[in-house]
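Student: Could you have a look at this structure, given as structure tokens, before my questions?
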Amino acid sequence: MLPAVVKLCCGISYPHLRSMTGLQRTAVAVIGQEITHLQRWGQIQHHNRTPSLKTRTFSKEDQLFYTQQGQEAMRKALSMLEDKGGANGDVICSKVMPGARKVFRLEAILEASVDELYNLLFIRVEEMHQWNPSIQHIKVLKHVGPETIVTHEVSAETAGNLIGQRDFLSVRHSCKQKSSVYLGGAAIQLESFPPQAGFVRAEDGPTCIIIQALDGDRRRSHFTWLLNMDVKGWLPKSIVNQALPRAQLDFTRHLRRRLTASTTLG
Numbered sequence: 006m007l008p009a010v011v012k013l014c015c016g017i018s019y020p021h022l023r024s025m026t027g028l029q030r031t032a033v034a035v036i037g038q039e040i041t042h043l044q045r046w047g048q049i050q051h052h053n054r055t056p057s058l059k060t061r062t063f064s065k066e067d068q069l070f071y072t073q074q075g076q077e078a079m080r081k082a083l084s085m086l087e088d089k090g091g092a093n094g095d096v097i098c099s100k101v102m103p104g105a106r107k108v109f110r111l112e113a114i115l116e117a118s119v120d121e122l123y124n125l126l127f128i129r130v131e132e133m134h135q136w137n138p139s140i141q142h143i144k145v146l147k148h149v150g151p152e153t154i155v156t157h158e159v160s161a162e163t164a165g166n167l168i169g170q171r172d173f174l175s176v177r178h179s180c181k182q183k184s185s186v187y188l189g190g191a192a193i194q195l196e197s198f199p200p201q202a203g204f205v206r207a208e209d210g211p212t213c214i215i216i217q218a219l220d221g222d223r224r225r226s227h228f229t230w231l232l233n234m235d236v237k238g239w240l241p242k243s244i245v246n247q248a249l250p251r252a253q254l255d256f257t258r259h260l261r262r263r264l265t266a267s268t269t270l271g
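In our numbering, the protein residues as written are 6 to 271.
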């Protein structure tokens, strides 16, 4: 039953599924299980309206809507990871998607457990500006259950920033499976939170981060990050394609410093 559900929800044919890596097959299965669980809870309905964030509580229908947006972003991002694309250095690979937009995949080994990274990157996402100077602030606008949040993010004006300051409105979804964590996200449009004056609203996603414990050493993790972003504005593609992988490397460097500081304080 589960393979059929996964194929239906994720749009992957059986031969294609067999060609995926073990990590990617596990991720697809996790998402299939979550969607199956949600379908038992209630039928997922398509929304022709934009839900308002001004309401104090979410209806069951709205909870399903936001959760499905996060899951769909993760599904699309994982499908991009199936093809490694052309090499763009020792750490980052790139791939040109339909529409001529490049997506970038970073892979790294981090000296931290899966739970520690999940805590920093999802649970305590509002604190990210404290250790990443490229972010001015991230605000969680709504918690849609324990695994899905809606956030507003503003990038910082830093020296050498080729793209310039941007803001993002995103839905972020997480799921945990044994020794792995999957974080997905995508831009979302809400009438109650229009683009802010003075900022160009960029669109992030579908994007995902996969964190997997290394075999034999759960204090270290394999970190995979797919960056897929439309920065908007009138910028040459050459500038964007130079700035985005640099941003990935900068983020990873700041994350390592944060992890080192935690180890020292601990």
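Backbone N, C-alpha and C fix where the C-beta goes; we use that ideal spot for every residue, glycine too.
Who does Y187 pair with in a DSSP beta bridge?
Tutor: Here residue 187 corresponds to residue number 182 of the sequence shown, with the count starting at 1. According to DSSP, which records beta bridges pairwise, Y187 is partnered with C180, I215.
Student: Extract the residue ranges of the alpha helix (DSSP H) inside the segment 124 to 158, only unbroken runs of 4 or more that lie entirely within it.
Tutor: As far as the segment 124 to 158 is concerned, it has no whole alpha helix (DSSP H) run of at least 4 residues.
Student: Measure the C-alpha to C-alpha separation of Q253 and P103 and round it to an integer number of angstroms.
Tutor: Along the sequence shown, one-based indexing puts residue 253 at 248. Along the sequence shown, one-based indexing puts residue 103 at 98. Whole-angstrom Cα-Cα distance: 22 Å.
Student: Whole angstroms is fine: what's the gap from K100's alpha carbon to V245's?
Tutor: Walking along the sequence shown from the start, residue 100 turns up at place 95. Walking along the sequence shown from the start, residue 245 turns up at place 240. Using only the alpha carbons, I get a separation of about 14 Å.
Student: May I have the straight-line CA-CA distance separating V236 from E66, to the nearest angstrom?
Tutor: Start at 1 with the first residue of the sequence shown, and residue 236 comes out as number 231. Start at 1 with the first residue of the sequence shown, and residue 66 comes out as number 61. Approximately 31 Å, taken between the alpha carbons.
Student: Based on the DSSP output, what are the partners of E112 in its beta bridges?
Tutor: For this step, residue 112 is matched to residue 107 along the sequence shown. Answer is T229.
Student: Suppose the cutoff is 6 Å on Cβ atoms and the five residues either side in sequence are ignored; what does the same chain contact list for V159 look like?
Tutor: Position 154 of the sequence shown holds residue 159. Within the same chain, V159 has close Cβ partners Q141, H142, D172.
Student: Could you spell out where the beta strand (DSSP E) holding K100 opens and where it closes?
Tutor: As a first step, residue 100 must be located in the sequence shown, where it is residue number 95. Start and end: 97 to 101.
Student: With distances taken Cα to Cα, identify the nearest neighbour of S179 among D120, H259, L167, P199.
Tutor: Position 174 of the sequence shown, counted from the first residue, corresponds to residue 179. The residue with the shortest Cα to Cα distance from S179 is D120.
Student: Using CA atoms only, rank isn't needed, just tell me which of S226, R258, V145 is closest to S118.
Tutor: Translated into the one-based positions of the sequence shown, residue 118 becomes position 113. The candidate whose alpha carbon is nearest that of S118 is S226.
Student: My output table needs one value for S197: the three-state DSSP class, helix, strand or coil.
Tutor: Residue numbering aside, residue 197 sits at position 192 when the sequence shown is read from its first letter. If DSSP states are grouped into helix, strand and coil, S197 belongs with coil.
Student: Would you mind sorting D209 into buried or exposed? The rule is 16 or more other CB atoms within 10 Å of its CB.
Tutor: Translated into the one-based positions of the sequence shown, residue 209 becomes position 204. Result: buried.
Student: By a C-beta neighbour count over all protein chains shown, 10 Å radius and 16 as the cutoff for buried, is R129 buried or exposed?
Tutor: Here the question's residue 129 lines up with position 124 in the sequence shown. When all chains shown are included, R129 counts as exposed.
Student: Who are the near neighbours of R110 in its chain, counting only those whose CB is closer than 6 Å to its CB and skipping five residues on each side?
Tutor: Looking up residue 110 in the sequence shown gives position 105. So the qualifying residues of the chain are C98, L231.
Student: What do you reckon, are the CB atoms on F204 and I216 nearer than 8 Å?
Tutor: Here the question's residue 204 lines up with position 199 in the sequence shown. Here the question's residue 216 lines up with position 211 in the sequence shown. Taking 8 Å as the Cβ cut-off, F204 and I216 do not qualify as a contacting pair.
Student: Put V236 into one of helix, strand or coil per three-state DSSP.
Tutor: Sequence index remark: in the sequence shown, residue 236 carries index 231 (1-based). It is coil, neither helix nor strand.
Student: Using alpha carbons as the reference points, say which of K183, V145, Y123, M133 lies closest to H259.
Tutor: As a working note, residue 259 is residue 254 in the sequence shown. The shortest Cα separation from H259 among K183, V145, Y123, M133 belongs to M133.
Student: Straight-line CA distance for Y123 to G238?
Tutor: One-based indexing of the sequence shown puts residue 123 at position 118. One-based indexing of the sequence shown puts residue 238 at position 233. Using only the alpha carbons, I get a separation of about 32 Å.
Student: What number of angstroms, rounded off, separates the C-alpha of A218 from the C-alpha of A113?
Tutor: For this step, residue 218 is matched to residue 213 along the sequence shown. For this step, residue 113 is matched to residue 108 along the sequence shown. Whole-angstrom Cα-Cα distance: 12 Å.
Student: What three-state label does DSSP hand D255 in the structure shown?
Tutor: To locate residue 255, count along the sequence shown from 1; it is residue 250. In this structure, D255 counts as helix in the three-state DSSP scheme.
Student: Please state the DSSP three-state secondary structure of A248.
Tutor: Locating residue 248 in the sequence shown gives position 243, counting from the first residue. Three-state DSSP puts A248 in a helix.
Student: Name the residue from Q182, L174, P151 whose alpha carbon lies nearest to the alpha carbon of E196.
Tutor: For the purposes of this step, residue 196 is taken as residue 191 along the sequence shown, with counting starting at 1. For the residues Q182, L174, P151, the minimum Cα distance to E196 belongs to L174.
Student: Using only alpha-carbon positions, find the residue among I154, V145, R106, R224 that is nearest to T265.
Tutor: Counted from its first residue, the sequence shown places residue 265 at position 260. Selected option, being the one with the closest Cα: R224.
Student: Please classify T163: is it buried, with 16 or more other beta-carbons within 10 angstroms of its beta-carbon, or exposed?
Tutor: Residue mapping note: residue 163 aligns to position 158 of the sequence shown, counting from 1. When all chains shown are included, T163 counts as exposed.
Student: So, with DSSP's three-state summary, where would you put D172?
Tutor: Here the question's residue 172 lines up with position 167 in the sequence shown. If DSSP states are grouped into helix, strand and coil, D172 belongs with the strands.
Student: Provide the residue(s) that pair with R261 in DSSP beta bridges, ordered along the chain.
Tutor: Start at 1 with the first residue of the sequence shown, and residue 261 comes out as number 256. Answer by DSSP bridge pairing: none, since R261 is not bridged.
Student: In chain order, what residues of the same chain lie with their CB nearer than 6 Å to the CB of I214, ignoring the 5 residues before and after it?
Tutor: The residue given as residue 214 occupies position 209 in the sequence shown. Around I214: L188, W230.
Student: By DSSP, does G91 sit in helix, in strand, or in coil?
Tutor: Taking the first residue of the sequence shown as 1, we reach residue 91 at position 86. Residue placement at G91 is flagged as unreliable, the pLDDT there being 35, under the threshold of 50; a coordinate-derived value is accordingly withheld.
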